[in-house]
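Read the structure below first, then the notes.
Residue numbers (the working numbering), protein chains in the order written: chain B, 36 to 355; chain X, 9 to 346.
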């Protein structure tokens, strides 16, 4: 069985073995193998191509930008997504603007170990996808399955545009698959994770699995909920979302992010303006609470959406 | 500490070559100022008056294949590295034919594929970018190349300066970081910018070689940058060059610089490096005064003719622009109206 985390490690191993332009740079990614072991043994396997950086997120990403201009394909790891704010300037003002300004693309991959885990607290739990998706020029990926963690990371390395790769820490160890995928959907294509007829849940990342559990709960009451896994937040697959809403007439957006200006808000905005006539009732959304992510497991477990709160929201949407 | 060999002398020919580049930069910037006052430039104009000797000495010692990320006041260094009057004016005047195609302006220009990076406004950001470029060259097995970037006294206070120089030092990259201490960051004087006795003190803190230079003196600048760039090229790791000078203009042309201390203007640091260089050429009999005047005329002719040409060129057409922030055009959003 291959875990989500091992899939990320194997994708980097494959990228390093197949493309001499690829190198890994980040804090503790060298001989130590990374804080989560996502780069375990790669420094030994690829001498001189996997190395430790100082505690300097700005420099790590800035160096990746320079290396990309010179034709390399750097993959950089932020130890936690939360710390990418210290490299924010290089991401949004340098990497993201380079192609538009100069015509030279910036093929970097910034890996963000994202989202909440029990005990993570305010600074090791954040979901940054909407923040980066706001800026022109950045592809923002949020794989929710082992297969996508592997296939999409390889796609990210192959893309000429900068990619913010939001890999979810909650999925690292317990999400497992029998093997690696032979193929992967195109970049920017959402996936119908569960077919249904009564309502659509649009979600991404770890919330896919909470939503799937909620759907099982609702199925016991005879309701079939369709679930769309966005996979890539930007570009966003509006067509697949609208097609699902056309089938169900009801929309619930579930996201682990904070509510203001997030992915859920964006999806509802698009469906409301482009598919208003498809909706039987007002669209709903469920986000994390609008506070920093709490430390204590009892607080954390109700801070973010869960299978239970998603099922409750879906029942309201279905007027059960 | 190893004994330092005496630098070979800067020859009259070296000096004149650098001076003529400084002169083109000076004349071009004088024209930019007048175009700005005439309202011909839509954005800001930020000039390098007083900084030409230090700046030119960086660009003139770089080779094809090296990396150069100039900053705001580096017109002279840009000319030395191979930028042109034409590209400069096309960028300032927003010609569609320029390297930035109207998408970015003034000093934010470059041709990254040619090792000539286009600065972003966030100070210090180019330091790690050049370090990363040098790392890439090393990974590809290239040696003997260097990367140079420039910053001001204000920029040394940024986190990016610290992170970039430190990371370059850890990797022992052939980076030359040139600090033009022009005494003011916009209106903020050195006393409100840093508390060390001299910015050169930072070199020891980062474990890099430091060089100090009187940046009003072209000969010193040429000799110092030749030494620093040569040391980086020879594997000596990052080199921090600190040049003292005075910004002889406002922060931009919108700023009269009325806050500049008159005592600084009257001090040696306030001297004009272009005038000093011309005096030196004449006093050394490297060229007569009439020859210097002819060089200035030639520069003026080139600049004026290029302005006339560029003003007839088309600006960017919003209808034709592909508005593409992604190189993969299918990723574009379409919510801005038709």
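C-beta: ideal position from N, C-alpha, C; glycine also.
Let me confirm a value: residue i is counted as buried when at least 16 other C-beta atoms fall within 10 Å, else exposed. Which label applies?
| i | result |
| --- | --- |
| residue 309 of chain X | exposed |
| residue 312 of chain B | exposed |
| residue 335 of chain B | buried |
| residue 251 of chain B | exposed |
| residue 331 of chain B | exposed |
| residue 158 of chain B | exposed |
| residue 316 of chain B | exposed |
| residue 267 of chain X | exposed |
| residue 339 of chain B | buried |
| residue 36 of chain B | exposed |
| residue 214 of chain B | exposed |
| residue 71 of chain B | buried |
| residue 65 of chain X | buried |
| residue 4 of chain B | Outside the displayed range of chain B (36 to 355) lies residue 4 of chain B, so it cannot be described from this structure. |
| residue 274 of chain X | exposed |
| residue 5 of chain X | There is no way to answer for residue 5 of chain X, as the model of chain X reaches only from 9 to 346. |
Keeping to the same chain, check which residues put their C-beta closer than 7 Å to that of residue i; ignore five residues upstream and five downstream.
| i | result |
| --- | --- |
| residue 174 of chain X | 214 |
| residue 223 of chain B | 267, 270 and 272 |
At what residues does the beta strand (DSSP E) containing residue i begin and finish?
| i | result |
| --- | --- |
| residue 317 of chain X | Not the beta strand (DSSP E): residue 317 of chain X falls in the alpha helix (DSSP H), residues 297-319. |
| residue 149 of chain B | 144-149 |
| residue 231 of chain X | Segment 226-241 is the alpha helix (DSSP H) holding residue 231 of chain X; no beta strand (DSSP E) there. |
| residue 309 of chain B | Element bounds for residue 309 of chain B: not the beta strand (DSSP E) but the alpha helix (DSSP H), 298-309. |
| residue 247 of chain X | 247-252 |
| residue 158 of chain X | 155-160 |
| residue 357 of chain X | Nothing about residue 357 of chain X can be read from this structure; chain X reaches only from 9 to 346. |
| residue 238 of chain B | 234-238 |
| residue 242 of chain B | Element bounds for residue 242 of chain B: not the beta strand (DSSP E) but the alpha helix (DSSP H), 242-255. |
| residue 33 of chain X | Element bounds for residue 33 of chain X: not the beta strand (DSSP E) but the alpha helix (DSSP H), 20-45. |
| residue 327 of chain B | Element bounds for residue 327 of chain B: n/a, residue is neither H nor E. |
| residue 109 of chain B | 108-112 |
| residue 226 of chain B | 226-229 |
| residue 288 of chain B | 286-289 |
| residue 75 of chain X | 75-77 |
| residue 187 of chain X | 183-189 |
So what does DSSP say about residue i, is it helix, strand or coil?
| i | result |
| --- | --- |
| residue 165 of chain X | helix |
| residue 132 of chain B | helix |
| residue 43 of chain B | helix |
| residue 294 of chain B | coil |
| residue 10 of chain X | Caution applies to residue 10 of chain X, whose pLDDT of 47 falls short of 50 and renders its modelled position unreliable; the value that the coordinates give is listed next. Looking at residue 10 of chain X - three-state DSSP - the assignment turns out to be coil, as it is neither helix nor strand. |
| residue 263 of chain B | strand |
| residue 61 of chain B | strand |
| residue 195 of chain B | coil |
| residue 114 of chain X | coil |
| residue 197 of chain X | strand |
| residue 334 of chain X | coil |
| residue 70 of chain X | coil |
Which first and last residues belong to the alpha helix (DSSP H) in which residue i is found?
| i | result |
| --- | --- |
| residue 66 of chain X | 60-67 |
| residue 280 of chain B | 273-283 |
| residue 121 of chain B | From DSSP, residue 121 of chain B is part of no alpha helix (DSSP H); its letter is neither H nor E. |
Please work out which residues of its chain come closer than 6 Å, Cβ to Cβ, to residue i, disregarding the five sequence neighbours upstream and downstream, and give them in chain order.
| i | result |
| --- | --- |
| residue 206 of chain B | 39 and 241 |
| residue 20 of chain X | 294 |
| residue 324 of chain B | 338 |
| residue 231 of chain X | 15 and 18 |
| residue 231 of chain B | 259, 260 and 261 |
| residue 160 of chain B | 151 and 328 |
| residue 352 of chain B | 234, 285, 287 and 319 |
| residue 346 of chain X | Only weak support exists for where residue 346 of chain X lies, its pLDDT of 47 falling under 50; the value from the coordinates is given anyway. For residue 346 of chain X, where only same-chain residues beyond five positions count, there are no Cβ hits under 6 Å. |
| residue 342 of chain B | 245, 248 and 249 |
| residue 158 of chain X | 78, 79, 82 and 186 |
| residue 281 of chain B | 313 |
| residue 168 of chain B | 175, 268 and 269 |
Within its chain, find whatever has a CB closer than 8 Å to the CB of residue i; leave out the 5 residues flanking it on each side and keep chain order.
| i | result |
| --- | --- |
| residue 207 of chain X | 161, 164, 187, 189 and 250 |
| residue 11 of chain X | Confidence at residue 11 of chain X is low in this model, with a pLDDT of 47, below 50, so the placement of that residue is unreliable and no value is reported for it. |
| residue 9 of chain X | Reliability of the predicted coordinates at residue 9 of chain X is poor, the pLDDT of 41 falling under 50, and the value obtained from them is presented with this limitation in mind. Excluding sequence neighbours, residue 9 of chain X sits near nothing in its chain. |
| residue 314 of chain X | 93, 94 and 97 |
Inset, instruction - Determine which residues of the region 127-141 of chain X have a Cβ less than 9 Å from any Cβ of chain B, and write them out in chain order. - result: 128, 129, 130, 132, 133, 134, 135, 136, 137, 138, 139, 140 and 141
Inset, instruction - Could you run through the region 91-111 of chain B and flag, in chain order, every residue whose CB is less than 9 Å away from some CB of chain X? - result: 91, 92, 93, 94, 95, 96, 97, 98, 99, 100, 101, 102, 103, 104, 105, 106, 107 and 109
Inset, instruction - Closer than 7 Å, Cβ to Cβ, to anything on chain X: give me those residues from the region 46-72 of chain B, in chain order. - result: 58
Inset, instruction - Report the residues of the region 224-243 of chain B with a CB closer than 8 Å to any CB of chain X, ordered along the chain. - result: none
Legend entry - Contact list for the region 123-148 of chain B against chain X, Cβ threshold 9 Å: 124, 125, 128, 129, 131, 132, 133, 134, 135, 136, 137, 138, 139, 140, 141 and 142
Legend entry - the region 152-179 of chain B: positions lying closer than 7 Å to chain X by Cβ: 171, 172 and 174
Legend entry - Residues from the region 137-170 of chain X in contact with chain B, defined by Cβ distance under 7 Å: 137, 138, 139, 140, 141, 143, 144, 145, 147, 167 and 168
Legend entry - Where the region 180-196 of chain B meets chain X: residues whose CB sits under 8 Å from a CB there: 194, 195 and 196
Inset, instruction - With 7 Å as the C-beta to C-beta threshold (strictly closer), list the residues of the region 92-113 of chain X near chain B in chain order. - result: 108, 111 and 112
Inset, instruction - Can you give me, in chain order, the residues of the region 256-270 of chain B that have a beta carbon less than 9 Å from any beta carbon in chain X? - result: 269 and 270
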